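In my numbering, the protein residues as written are 85 to 644. The beta-carbon is built from N, C-alpha and C at its ideal position, and this holds for glycine as well. Note that the coordinates shown come from a computational prediction; the quantities given were computed from them, not determined experimentally. Notes follow once the structure below has been shown.
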């Protein structure tokens with residue numbers, strides 16, 4: 085295609101909410117045959133849609149998956165973070181078609197598809213032998229892009245249901261296809277790609293490319309959630325694929341022996357990673373979460389120079405009086421779902437030379453040298469102690485707003501600067517080893533997910549012991565000497581325990597809403613400061629107002 089259409093104009097195209105042919109005056113006509121001069125140019129075109137994917141994995145997409153579910157919240161903290169009610173609307177399931185997170189996700193999904201289609205169109209036209217490359221290289225590149233297109237459509241299906249299906253950039257004001265049509269499109273793209281992509285070899289490091297194992301796992305994900313997507317359970321199909329992936333039919337993958345292996349600074353070498361997005365300091369940084377999660381003074385805890393905005397945190401496990409919520413509802417309380425002795429439950433500490441322990445900021449916050457970190461708002465110049473609770477404790481006491489802790493409300497509007505435990509899923513080094521910063525790649529798909537999918541399929545097919553054995557195989561790495569104090573058994577593995585296990589292992593990995601929907605608990609269960617809506621239309625987000633305004637062929641989802 086004309087290269088001056090380029091990616092910037094594609095962004096403008098999709099800002100209109102449609103797939104529209106753009107007419108413009110070109111200063112020159114550049115075809116793929118003349119634009120590409122070397123293998124470097126080919127790889128640049130191939131990698132551009134993956135750069136978009138790096139952005140797509142976090143930000144608004146993460147918020148839609150986690151802030152609408154039971155494990156996270158962005159509470160209002162005094163004058164901060166009300167954000168026009170955005171955070172409360174998503175927590176309470178009262179969002180509208182005008183939400184920025186929803187618009188950003190619709191636009192970002194279609195933009196990803198368009199970028200991948202543009203690159204595919206160019207690469208398909210080339211004679212790879214002119215660049216000292218083979219037809220097999222070309223087939224692999226094209227099918228990486230097909231897999232990436234399938235990934236974006238899969239996410240769009242999950243968020244919105246039917247999306248406009250387009251195979252080139254010549255369409256204009258395309259309507260939405262049905263859920264089934266999008267499902268079939270994803271399925272066909274992945275089935276075609278699986279046979280054409282190379283397999284991962286044992287010991288091969290991950291560098292961001294999509295291989296057979298990634299396409300096969302995406303197809304398993306499609307089948308795994310098929311009942312939610314098209315009303316047809318396909319757990320048997322998922323089970324067959326998941327077992328084949330574990331058996332090595334689609335490449336060489338193994339569970340990492342340590343819990344931090346898939347997340348640490350050297351996770352490109354983890355045998356568990358099926359697909360990751362590379363990250364490197366001052367390049368494609370996996371850093372979107374930092375500002376949102378951490379306190380203004382968390383830089384002192386990490387011994388870093390980066391500021392943060394003190395927004396998101398784990399939803400509370402405890403009431404203001406410190407009693408547990410576990411008897412009030414079964415979802416949520418993410419921190420307390422980790423067993424005592426779980427190595428991940430320790431406070432995060434960087435140990436040097438790329439090593440670290442723990443996964444949370446909790447309790448009294450101190451510097452690496454043991455110095456006291458103080459607050460800046462309600463606890464200005466006082467010790468900063470992060471609580472697994474929500475409440476205005478600074479307003480408690482003689483002569484203050486609340487005379488006893490029993491009077492403290494716990495809800496989205498009642499946060500403080502020290503409210504909530506903070507997740508450190510991605511390790512942060514000290515300034516002394518700053519070259520490691522953002523050195524951990526973003527693990528999009530890892531083998532543990534395949535184990536859990538297989539386990540759930542077995543559970544749904546009545547094999548509770550087989551399901552428990554698979555999850556226990558993963559759990560044991562989280563305890564000293566592999567000694568699990570609370571292993572799964574056929575008699576303790578009910579649907580809530582299963583959802584707990586998904587929560588524990590994949591906390592903060594941007595999937596919780598999808599899991600709750602698959603178990604039919606997204607609109608039917610209560611959790612902290614959230615009453616079940618009993619409204620199934622909320623399992624899909626609305627088509628954004630801005631998208632419909634730019635394309636009057638689009639129809640709105642029911643219920644909005």
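**Study point:** Candidates 417, 393, 347: closest to residue 439 by CA position
**Key:** On the chain shown, residue 439 is found 355 positions in, with the first residue counted as 1. Nearest option by C-alpha distance: 347.
Original post:
What's the C-alpha gap between residue 110 and residue 292?
Top reply: Here the question's residue 110 lines up with position 26 in the chain shown. Here the question's residue 292 lines up with position 208 in the chain shown. The pLDDT assigned to residue 110 is 38, lower than 50, so where the model puts this residue is not dependable; a value taken from the coordinates is nonetheless given after this. The alpha-carbon atoms of residue 110 and residue 292 are separated by roughly 34 Å.
Euclidean distance between Cα positions of residue 517 and residue 365 | Stepping through the chain shown from its first residue, residue 517 is reached at position 433. Stepping through the chain shown from its first residue, residue 365 is reached at position 281. For residue 517 and residue 365, the distance between alpha carbons rounds to 11 Å.
(Q) Just to confirm the assignment, what range does the beta strand (DSSP E) spanning residue 453 have? (A) In the chain shown, the residue the question calls residue 453 occupies position 369. Premise fails: residue 453 is in no beta strand (DSSP E) and is neither H nor E.
Practice item. Write down the C-beta distance between residue 500 and residue 162 rounded to the nearest angstrom, noting that I regard them as a contact closer than 8 Å. Key: Mapped onto the chain shown, residue 500 falls at position 416. Mapped onto the chain shown, residue 162 falls at position 78. About 7 Å separates the two Cβ atoms, so the contact holds.
* Opening and closing residue of the alpha helix (DSSP H) in which residue 227 lies -> Residue numbering aside, residue 227 sits at position 143 when the chain shown is read from its first letter. Note, residue 227: alpha helix (DSSP H), 219 to 244.
On the premise that residue 417 lies in contact with residue 526, defined as a C-beta separation below 8 Å, what is that separation, rounded to the nearest angstrom?
Counting from 1 along the chain shown, the entry for residue 526 is found at position 442. Counting from 1 along the chain shown, the entry for residue 417 is found at position 333. Contact flag wrong, Cβ pair sits at about 27 Å.
Practice prompt. For residue 211, count neighbouring C-beta atoms within 10 Å of its own C-beta (all shown protein chains included) and say buried if the count is 16 or more, exposed if not.
Written response: The residue you call residue 211 lines up with position 127 of the chain shown. Label assigned to residue 211: exposed.
Roughly how many angstroms separate the alpha carbons of residue 536 and residue 555, rounded to a whole number? Mapped onto the chain shown, residue 536 falls at position 452. Mapped onto the chain shown, residue 555 falls at position 471. Cα to Cα, residue 536 sits roughly 6 Å from residue 555.
| message | Quick check on residue 376: does DSSP put it in helix, strand or coil? | response | Locating residue 376 in the chain shown gives position 292, counting from the first residue. Residue 376: helix per DSSP, three-state reduction.
Please return the same chain residues whose Cβ sits closer than 7 Å to the Cβ of residue 262, not counting the five positions on each side in sequence. Along the chain shown, read from residue 1 onward, the residue named residue 262 stands at position 178. Same-chain partners within the cutoff: 246.
Q. Distance, Cα to Cα, residue 198 vs residue 252?
A. By 1-based counting over the chain shown, the position of residue 198 is 114. By 1-based counting over the chain shown, the position of residue 252 is 168. If I take the Cα positions, the gap works out to 8 Å.
**Q.** Simplified DSSP state of residue 645, which is helix, strand or coil
**A.** Beyond the ends of the chain as shown, which are 85 and 644, falls residue 645; an answer cannot be given.
Worksheet item: Terminal residues of the continuous alpha helix (DSSP H) containing residue 346?
Response: Reading the chain shown from its first residue, position 262 is the one you call residue 346. Taken as a continuous stretch (DSSP letters only), residue 346 belongs to no alpha helix (DSSP H), as it is neither H nor E.
| query | How would you label residue 193, buried or exposed, when you count the other beta carbons within 10 angstroms and need 16 or more for buried? | reply | In the chain shown, the residue the question calls residue 193 occupies position 109. So residue 193 ends up on the buried side.
### Message
Taking its Cβ as the centre, do 16 or more other Cβ atoms sit within 10 Å of residue 645, making it buried, or is it exposed?
### Response
An answer regarding residue 645 cannot be provided, because it is not within the stretch 85 to 644 covered by the chain.
- Query: Of all the CB atoms in chain D, is at least one closer than 8 Å to the CB of residue 556?
  - Reply: The question asks about chain D, but that chain is absent: this structure has only one protein chain.
Among the candidates 237, 336, 290, whose CA atom is the shortest distance from the CA of residue 268? Walking along the chain shown from the start, residue 268 turns up at place 184. For residue 268, the nearest C-alpha among the options comes from 237.
When the distance is taken between beta carbons, is residue 577 closer than 8 Å to residue 603? Stepping through the chain shown from its first residue, residue 603 is reached at position 519. Stepping through the chain shown from its first residue, residue 577 is reached at position 493. Cβ atoms of residue 603 and residue 577: not closer than 8 Å.
So if DSSP puts residue 441 in a beta bridge, which residue, or which two residues, is it bridged to? Residue mapping note: residue 441 aligns to position 357 of the chain shown, counting from 1. In the DSSP output, where bridge partners are listed per residue, residue 441 has 433.
| message | Does residue 459 come out as helix, strand or coil in the three-state DSSP assignment? | response | If you number the chain shown from 1, residue 459 lands on position 375. Three-state DSSP puts residue 459 in a strand.
Quiz prompt | Contained alpha helix (DSSP H) runs [length at least 4] in the region 530 to 597, N- to C-terminal order | solution = 531 to 544, 548 to 559, 579 to 589
- Query: Does the beta-carbon of residue 234 have 16 or more other beta-carbons within 10 angstroms, so that it is buried, or is it exposed?
  - Reply: As a first step, residue 234 must be located in the chain shown, where it is residue number 150. The residue in question, residue 234, is buried, as its Cβ has 16 or more Cβ neighbours within 10 Å.
Margin query: According to DSSP, simplified to helix, strand and coil, what is residue 214?
Written below: In the chain shown, residue 214 corresponds to position 130, counting from 1. Helix, per DSSP.
Exercise. Given a threshold of 16 other Cβ atoms within 10 Å of its Cβ, counted over all protein chains shown, does residue 533 qualify as buried or as exposed?
Worked result: One-based indexing of the chain shown puts residue 533 at position 449. Its Cβ being crowded by 16 or more others within 10 Å, residue 533 is buried.
* Of the residues 132, 174, 127, which one's Cα is nearest the Cα of residue 149? -> Counting from 1 along the chain shown, the entry for residue 149 is found at position 65. Taking only the C-alpha atoms, the option nearest residue 149 is 174.
Notebook entry, point to check: alpha helix (DSSP H) containing residue 139: first to last residue?
Noted result: As a position in the chain shown, residue 139 is number 55, starting the count at 1. Element bounds for residue 139: 123 to 140.
- Message: Alpha carbons only, please: which of 610, 614, 143 is nearest the one belonging to residue 374?
- Response: Along the chain shown, read from residue 1 onward, the residue named residue 374 stands at position 290. That would be 143, whose Cα lies nearest to the Cα of residue 374.
Practice task
State the DSSP-derived secondary structure class of residue 279, mapped to helix, strand or coil.
Solution key: To locate residue 279, count along the chain shown from 1; it is residue 195. It is helical.
*asked:* Taking the alpha helix (DSSP H) that residue 190 belongs to, which residues open and close that run?
replied: On the chain shown, position 106 is the one that residue 190 refers to. Start and end: 184 to 208.
What does DSSP give as the partner residue(s) for residue 622 in the beta ladder? Indexing the chain shown from 1 puts residue 622 at position 538. None, per the DSSP bridge assignment.
**Request:** Within the same chain, show all residues whose beta-carbon is closer than 6 Å to that of residue 613, passing over the 5 residues directly before and after it, in chain order.
**Result:** Taking the chain shown and counting its residues from 1, the one referred to as residue 613 is at position 529. Around residue 613: 495, 496.
**Asked** residue 279 to residue 304, Cα distance in whole Å?
**Response** If you number the chain shown from 1, residue 279 lands on position 195. If you number the chain shown from 1, residue 304 lands on position 220. Roughly 15 Å between the two C-alpha positions.
* To do: On the DSSP bridge assignment, give the partners of residue 526 in chain order.
  => The residue you call residue 526 lines up with position 442 of the chain shown. Note: residue 526 sits in a beta bridge opposite 361.
By a C-beta neighbour count over all protein chains shown, 10 Å radius and 16 as the cutoff for buried, is residue 448 buried or exposed? Taking the chain shown and counting its residues from 1, the one referred to as residue 448 is at position 364. Exposed, because fewer than 16 other Cβ atoms sit within 10 Å of the Cβ of residue 448.
**OP:** State the DSSP-derived secondary structure class of residue 164, mapped to helix, strand or coil.
**Re:** Here residue 164 refers to the residue found at position 80 when the chain shown is read from its first residue. Residue 164 falls in the strand class under three-state DSSP.
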